[in-house]
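All remarks here apply to the structure that follows.
6 protein chains.
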Amino acid sequence: MRPSGRKLVELRPISIETGVMAHAEGSCLIRMGNTHVLCSASIEEKPPAFLRGTGQGWVTAEYGMLPRATHSRNRREAAAGKQSGRTQEIQRLIGRALRAGVDRLALGERQIVIDCDVIQADGGTRCAAITGGWVALRLAVSKLLAARLVTSDPIMDHVAAVSCGIYAGQPVLDLDYAEDSEAGTDGNFVMTGAGRLVEVQMSAEGSAFSRAEMGSLLDLAEAGIAQLVEAQKAAVS
Amino acid sequence: MRPSGRKLVELRPISIETGVMAHAEGSCLIRMGNTHVLCSASIEEKPPAFLRGTGQGWVTAEYGMLPRATHSRNRREAAAGKQSGRTQEIQRLIGRALRAGVDRLALGERQIVIDCDVIQADGGTRCAAITGGWVALRLAVSKLLAARLVTSDPIMDHVAAVSCGIYAGQPVLDLDYAEDSEAGTDGNFVMTGAGRLVEVQMSAEGSAFSRAEMGSLLDLAEAGIAQLVEAQKAAVS
Amino acid sequence: MRPSGRKLVELRPISIETGVMAHAEGSCLIRMGNTHVLCSASIEEKPPAFLRGTGQGWVTAEYGMLPRATHSRNRREAAAGKQSGRTQEIQRLIGRALRAGVDRLALGERQIVIDCDVIQADGGTRCAAITGGWVALRLAVSKLLAARLVTSDPIMDHVAAVSCGIYAGQPVLDLDYAEDSEAGTDGNFVMTGAGRLVEVQMSAEGSAFSRAEMGSLLDLAEAGIAQLVEAQKAAVS
Amino acid sequence: MRPSGRKLVELRPISIETGVMAHAEGSCLIRMGNTHVLCSASIEEKPPAFLRGTGQGWVTAEYGMLPRATHSRNRREAAAGKQSGRTQEIQRLIGRALRAGVDRLALGERQIVIDCDVIQADGGTRCAAITGGWVALRLAVSKLLAARLVTSDPIMDHVAAVSCGIYAGQPVLDLDYAEDSEAGTDGNFVMTGAGRLVEVQMSAEGSAFSRAEMGSLLDLAEAGIAQLVEAQKAAVS
Amino acid sequence: MRPSGRKLVELRPISIETGVMAHAEGSCLIRMGNTHVLCSASIEEKPPAFLRGTGQGWVTAEYGMLPRATHSRNRREAAAGKQSGRTQEIQRLIGRALRAGVDRLALGERQIVIDCDVIQADGGTRCAAITGGWVALRLAVSKLLAARLVTSDPIMDHVAAVSCGIYAGQPVLDLDYAEDSEAGTDGNFVMTGAGRLVEVQMSAEGSAFSRAEMGSLLDLAEAGIAQLVEAQKAAVS
Amino acid sequence: MRPSGRKLVELRPISIETGVMAHAEGSCLIRMGNTHVLCSASIEEKPPAFLRGTGQGWVTAEYGMLPRATHSRNRREAAAGKQSGRTQEIQRLIGRALRAGVDRLALGERQIVIDCDVIQADGGTRCAAITGGWVALRLAVSKLLAARLVTSDPIMDHVAAVSCGIYAGQPVLDLDYAEDSEAGTDGNFVMTGAGRLVEVQMSAEGSAFSRAEMGSLLDLAEAGIAQLVEAQKAAVS
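Top to bottom, those sequences are chains A, B, C, D, E and F. Numbering follows full-length UniProt numbering, in which position 166 of the first sequence is assigned residue number 166; successive positions increment by one, without gaps. Numbering follows full-length UniProt numbering, in which position 91 of the second sequence is assigned residue number 91; successive positions increment by one, without gaps. Numbering follows full-length UniProt numbering, in which position 122 of the third sequence is assigned residue number 122; successive positions increment by one, without gaps. Numbering follows full-length UniProt numbering, in which position 79 of the fourth sequence is assigned residue number 79; successive positions increment by one, without gaps. Numbering follows full-length UniProt numbering, in which position 28 of the fifth sequence is assigned residue number 28; successive positions increment by one, without gaps. Numbering follows full-length UniProt numbering, in which position 133 of the sixth sequence is assigned residue number 133; successive positions increment by one, without gaps.
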């Protein structure tokens with residue numbers, strides 16, 4: 001019943017290849033089916049101005065999409081002269097989500113910038129960016145630990161994300177583009193390795209939804225994120 | 001225990017004054033305690049380009065804040081040369097929320113622009129903008145009906161919004177600035193007059209949250225939005 | 001003979017409500033008939049860079065207009081990505097006019113920013129912004145005096161403004177929009193409480209004008225500004 | 001008593017060299033002492049959008065300054081990414097002033113763009129731009145007449161401009177930079193060949209001014225502009 | 001003697017993987033050693049405005065670099081709000097180079113946009129972008145031929161590029177970053193499959209160079225480009 | 001056979017008038033036939049940030065064109081809000097070329113900005129800007145020497161530039177606009193007074209070119225630049 005033939009509770013094939021960008025302190029190429037996102041983590045020893053003198057660090061994210069990541073070509077944001085509202089919303093979400101898994105005092109006064117660039121898009125790019133971004137972050141922080149630049153591990157837990165939605169009247173896990181463009185309600189869920197919630201963003205594209213529908217999507221998200229966390233563990237081990 | 005002395009389930013005093021902008025097809029000044037937002041609805045007979053020839057209309061929103069709506073002065077976005085990511089995220093939310101209550105075919109090929117300008121800010125400005133924006137929209141659409149420019153009412157239901165959060169370990173309704181800046185988890189909830197969900201946006205500012213905590217915030221939101229819908233009814237009657 | 005039925009030398013009804021923006025050091029809502037402008041004064045303890053070390057302060061102004069302050073909606077300048085030439089010209093005028101009434105050495109090395117935001121426009125918004133901006137400035141400076149942050153009063157005199165023009169062949173005081181759009185010649189006049197001139201800006205929209213016509217407009221302006229100064233006195237007392 | 005040794009009522013040496021830009025329909029290099037401005041007129045057969053179908057034409061102006069026209073180098077506006085408020089204010093003034101001398105119906109549905117670029121600045125650049133811009137405009141319109149693209153002359157009269165101010169307590173004509181930076185009050189005056197007023201912009205830089213002072217500056221301006229009109233006549237004959 | 005241990009006339013290992021971006025009409029990932037560039041070709045059936053009605057098509061290019069393609073992170077151009085001069089210069093070169101190999105009449109009134117995004121940079125990114133961009137272009141045009149949208153092949157010849165320079169006093173082929181940053185003179189050479197020149201850009205970074213040195217670099221370029229053309233042939237066959 | 005009647009190896013008439021901008025440390029108006037460029041050199045005692053503490057100075061250039069320097073009016077870049085790719089490419093070339101003739105250690109920690117503004121364009125503006133820019137630079141550096149702000153002359157040699165191209169099948173020197181717009185291949189050549197190469201930029205506008213054609217253009221450039229260097233010598237002596 002799903003265009004891809006997947007079961008309702010089935011994720012797309014996951015692949016997380018690390019070390020793909022030689023200069024970055026941490027990097028990976030995450031593939032969720034046909035959605036491919038390059039994630040890198042760059043350590044900057046200077047924190048943002050508002051944290052100077054606080055002893056705390058920061059994690060922030062930027063998001064982009066290659067012009068031909070999509071079915072038809074999108075205008076390059078650098079040529080347009082600004083990032084779209086959608087781009088800004090997504091990168092704010094990624095940064096907020098990843099910070100939820102970080103002890104910023106343990107990180108110390110430095111900043112880690114996570115760049116997430118979509119090479120190919122088939123729905124769920126922001127979730128893939130969070131899941132892959134965490135891997136890049138984990139690898140970069142491990143370098144800080146190995147170099148004894150931080151003494152206790154600033155990473156408190158895994159953070160991963162998945163989208164779910166009501167497609168053709170059924171709750172389904174990990175929407176691809178074909179499903180996403182038809183879904184009446186969809187949501188993005190960010191959770192920790194311990195299964196606690198970090199972000200919930202649900203939106204009625206067509207008609208409003210009930211608390212029961214919300215609950216069924218949360219059930220799917222919990223199941224999906226548990227698998228994503230396993231994939232993260234495999235990638236960074 | 002709340003800085004304002006309110007009970008956990010108590011909204012701030014609501015006031016919705018209509019007709020405050022003489023030129024707009026619909027307008028109101030909504031006050032949620034010390035948060036004051038001017039909302040106007042402007043009807044444009046031309047739909048956005050992507051809807052031409054579809055028979056459908058559009059509702060969109062823009063959000064702004066006077067530089068001194070806040071404790072210290074913020075830079076004017078027009079002088080800075082761009083809208084912040086936060087502003088864009090909020091105005092996208094307002095537009096999406098209001099469209100959820102509109103039958104866009106019944107509206108016909110026209111666009112209604114909802115402008116929400118914060119005169120004074122004390123937390124919850126995006127929620128006040130949605131609740132007040134709906135009133136401005138309702139008034140403008142009623143003019144279309146009175147002028148027989150539309151024949152069946154494009155407004156399907158009320159749409160209103162409130163924020164809730166975990167403050168000092170307790171779930172509280174309608175956060176003001178003092179609470180919002182301390183809350184470990186908070187969320188914005190948009191619902192219809194019939195009590196169905198339109199948008200849920202929850203975020204762990206400090207530590208991640210459980211599904212039980214999420215449920216208690218939803219309970220508060222349901223109770224609060226029911227009162228906001230009553231205030232909307234009183235304002236437009 | 002005037003569209004509003006006013007006499008040639010008659011101002012529109014004036015109302016100046018103070019204290020309307022809780023966070024600002026000084027604020028007012030000035031209404032000149034259907035022209036409504038929110039004015040706030042924000043004290044910043046840091047002067048602009050070019051005054052550092054001079055012992056002198058600065059007063060500057062910013063001007064904006066809500067998109068639906070006018071008959072048809074104007075594009076939001078923050079969304080357009082820049083302030084129009086008209087906006088910049090107006091805010092430069094407001095700042096220059098208000099500085100003419102301030103002893104900048106007595107003010108000391110700080111800056112006061114006057115924000116003037118037009119809520120509703122019916123002609124004469126820049127003049128209303130100057131008259132109301134002075135009230136906001138006066139209230140903010142009084143706070144500095146009360147807090148003994150300045151020792152002698154930096155406000156040397158009132159500053160107020162009015163427009164006059166040749167409408168249907170007659171010199172008229174305080175043009176509203178209907179008159180302004182038809183006037184052959186119009187001007188904006190800024191004067192002190194003592195009746196001295198601060199700014200004169202006259203422009204031939206249709207045909208050029210004579211010195212005699214200029215004189216008759218100055219006569220009207222003197223009469224009008226005297227009344228505006230009385231309204232300022234009442235507002236700040 | 002003037003830094004340049006000029007008499008109070010003495011203009012700087014005027015020189016208007018025409019035909020200096022081979023491609024332009026009209027052009028001149030105007031020199032008022034050490035202030036040098038290149039002015040060109042470009043005819044575009046398409047009027048601005050707001051005039052289509054009205055039978056009327058338009059005259060507009062743009063103003064610029066070479067980075068090293070001034071004592072110290074100014075940032076190039078094209079590199080800064082925007083025109084300053086001062087630039088926009090000046091080019092709006094030039095356009096408005098020149099339109100006052102044009103019969104826009106006789107011009108027909110076309111636009112003439114006057115570009116005024118300051119090569120060297122020593123005060124009074126906007127006035128020189130108006131006086132020189134009129135010459136460029138006159139030459140371009142004469143080409144339209146010669147080519148029988150217009151049948152009756154759209155130029156109704158000369159338009160020229162000069163600045164005057166109170167310098168060291170005395171009213172002086174045609175301020176240079178040394179005087180302008182010290183003047184307590186100054187003004188820019190635009191008049192027609194017939195001696196009628198087109199624009200008056202007076203500003204109290206230091207202390208407010210009286211109507212008597214205003215009158216004495218107007219007297220100077222009348223005398224000066226009469227000479228500038230003679231120079232224009234000589235240049236275009 | 002070269003940091004990489006390569007011989008003076010030795011290219012880095014070349015790899016061209018096609019079909020890497022599922023949505024693009026043509027695409028490849030080109031690797032010249034540690035320089036990796038993703039190239040895609042997007043066919044747009046609408047030509048640029050200046051070619052409408054001429055029967056001719058257009059090929060244009062855009063260039064970007066992921067923020068962490070380099071040793072230290074560069075600011076994202078979309079966030080900075082503009083493309084740097086370097087970026088614009090490079091993308092103009094790529095477009096010009098590729099157009100030199102295309103019969104624009106045979107292409108017909110359509111545009112092909114080549115996007116070249118540097119994933120990892122180690123010198124020579126613009127040359128890799130041209131060589132890889134040609135492959136993406138070739139694949140896209142082959143689709144037009146296969147679909148009979150064009151009848152005769154618009155691709156007239158291969159176009160490929162390589163950099164050469166004087167490093168440590170010796171002419172060397174295909175500079176990597178370590179060599180490029182030390183080279184006294186370097187150049188980018190674009191040639192056709194037939195060995196004719198399309199672009200030559202040589203620049204004295206340190207001291208000026210002689211015609212003899214120029215000749216030796218051209219010799220190297222000819223040899224290198226012949227191998228690149230072979231790699232292109234292998235990739236598209 | 002050339003539209004201008006010039007011989008194949010004939011430059012346009014050269015004129016270099018110095019001291020044309022009173023405020024600049026060095027300036028000239030260079031005329032190559034109908035191409036006229038104003039060049040100024042501005043000394044700034046502060047070097048760019050990346051050179052602080054290195055003991056070295058910098059020379060940079062900015063390029064602009066008056067809107068009506070060309071046959072039809074071009075949009076003013078300051079009004080458009082950005083410099084075009086062409087402008088940036090040209091000003092980067094000018095700066096690079098002039099730096100090749102400067103000993104930056106002898107210059108010391110200061111910056112010289114060369115502004116090149118095209119007053120009238122008839123092809124070859126970037127070459128004229130380099131040749132004239134060197135004169136402005138030379139004059140400014142001579143002031144530094146005269147004032148003993150530098151002790152040994154930082155100018156190592158002349159730098160001048162000319163364009164050549166294949167026009168109507170023949171190699172010709174110093175293309176004017178009529179030739180440039182028809183030329184199949186053209187190039188810009190920058191050389192020192194000693195006849196060594198600084199920059200070579202050749203481009204096949206129509207069909208690719210051979211090394212023999214490249215050689216014949218270099219021969220022409222050598223001859224032309226020798227004459228330009230003589231003109232520079234005459235101008236600065």
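Glycine residues also receive a C-beta, built at the ideal position from the N, C-alpha and C atoms.
Per DSSP, the bridge partner or partners of F:Leu29:
F:Glu17 and F:Leu38
Whole angstroms is fine: what's the gap from B:Gln170's alpha carbon to B:Gly206's?
Here the C-alpha atom of B:Gln170 lies approximately 14 Å from the C-alpha atom of B:Gly206.
Which of the three DSSP states, helix, strand or coil, is assigned to C:Ala160?
strand
Whose C-beta lies closer than 8 Å to the C-beta of C:Ala168 among residues of the same chain, with five residues either side of it excluded?
Met1 and Glu182
Name the residue from C:Val113, C:Leu105 and C:Val229 whose alpha carbon lies nearest to the alpha carbon of C:Ser40.
C:Val113
Interface partners of F:Pro13 on chain D, CB under 7 Å:
Under the 7 Å cutoff, chain D gives no residues; its nearest Cβ is about 15 Å from F:Pro13.
Could you tell me the distance, in whole angstroms, from the CA atom of D:Lys83 to the CA atom of F:Ala79?
Correcting the residue type first, residue 83 of chain D is Gln in the shown sequence and not Lys. Roughly 6 Å separates the two Cα atoms.
Listed from N- to C-terminal order along the chain, which residues in the UniProt domain "Exoribonuclease phosphorolytic" (10–140) of chain E have their beta-carbon within a distance smaller than 7 Å of any beta-carbon of chain F?
Lys82, Gly85, Gln88, Glu89, Arg92, Arg96 and Ala100
Beta-carbon proximity list for B:Asp103, same chain, < 6 Å, skipping 5 on both sides
Pro154 and Met156
A:Ala183 at chain B interface by Cβ criterion, 9 Å:
no
So E:Gln232 contacts chain F; which residues on that side make the cut at Cβ distance below 7 Å?
Near E:Gln232 there are no residues of chain F at all, since even the closest Cβ is about 16 Å away, more than 7 Å.
Cβ of C:Ser216 within 9 Å of any chain D Cβ:
no
From D:Ser15 to D:Val118, what distance separates their C-alpha atoms?
15 Å
Buried or exposed for A:His36, going by 16 or more other Cβ atoms inside 10 Å?
buried
Alpha carbon to alpha carbon, how far is F:Gln232 from F:Ala160? Give it in angstroms, no decimals.
9 Å
Measuring straight from C-alpha to C-alpha, what distance separates C:Leu93 and C:Tyr63?
10 Å
Distance check for A:Arg12 and E:Leu66, CA to CA, integer angstroms please.
26 Å
Best match in B:Gly195, B:Gly193 and B:Ser163 for proximity to B:Asp180 [C-alpha to C-alpha]
B:Ser163
Taking B:Val9 as part of the alpha helix (DSSP H), name the residues at either end of that continuous run.
It is not in any alpha helix (DSSP H) - B:Val9 carries neither H nor E in the DSSP assignment.
Rounded to whole angstroms, what's the CA-CA distance from D:Glu199 to A:Ile43? Just pull it up for me.
59 Å
Verify the CB distance criterion: does E:Asp180 have a CB-CB separation below 9 Å to chain F?
The beta carbon of E:Asp180 does not come within 9 Å of any beta carbon belonging to chain F, so the residue lies off that interface.
Below 8 Å on the Cβ atoms is my contact criterion, and I expect B:Ser210 with B:Asp186 to pass it. Report the Cβ-Cβ distance as a whole number of Å.
Actually they do not touch by this definition, with Cβ atoms about 15 Å apart.
Environment of E:Ala121 [buried if 16+ CB atoms lie within 10 Å]:
buried
Using only CA atoms, which one of D:Ser142, D:Gln111, D:Ala24 and D:Gly101 lies nearest to D:Leu130?
Here the sequence assigns Ile to residue 130 of chain D, which means Leu is not the residue at that position. Nearest C-alpha to D:Ile130 among D:Ser142, D:Gln111, D:Ala24 and D:Gly101: D:Gly101.
Am I right that B:Ser237 and B:Ala136 are in contact with their C-beta atoms under 8 Å? What's the rounded C-beta distance?
That belief does not hold up - the Cβ atoms of B:Ser237 and B:Ala136 are roughly 15 Å apart, past 8 Å.
Taking 9 Å as the CB-CB cut-off, is E:Leu175 touching chain F?
With 9 Å as the cut-off, E:Leu175 does not count as an interface residue toward chain F.
Please check if any C-beta of chain B sits within less than 9 Å of the C-beta of A:Ser163.
no
Going by DSSP, what residue range makes up the alpha helix (DSSP H) through F:Val229?
Arg211 to Val236
Using beta carbons (cut-off 9 Å, strictly below), is F:Ser237 in contact with chain E?
no
Pick from D:Asp115, D:Leu139 and D:Ala140 that is closest to D:Ala128, judged by C-alpha positions
D:Asp115
C-alpha gap between D:Ser72 and C:Asn74, whole angstroms
For the pair D:Ser72 and C:Asn74, the Cα-to-Cα distance works out to about 39 Å.
How long is the line joining the alpha carbons of C:Gly133 and C:Arg99, rounded to whole angstroms?
Distance between the alpha carbons of C:Gly133 and C:Arg99 is about 11 Å.
D:Val150 and D:Gly108: beta carbons closer than 9 Å?
yes
What are the partner residues of E:Glu205, as DSSP defines its beta bridges?
Its beta-bridge partners do not exist; DSSP assigns none.
Please state whether the Cβ-Cβ distance between C:Arg31 and C:Glu10 is less than 9 Å.
no
Which of the three DSSP states is assigned to residue 294 of chain A in this structure?
Given a span of 1 to 237 for chain A in the structure shown, any question on residue 294 of chain A remains unanswerable.
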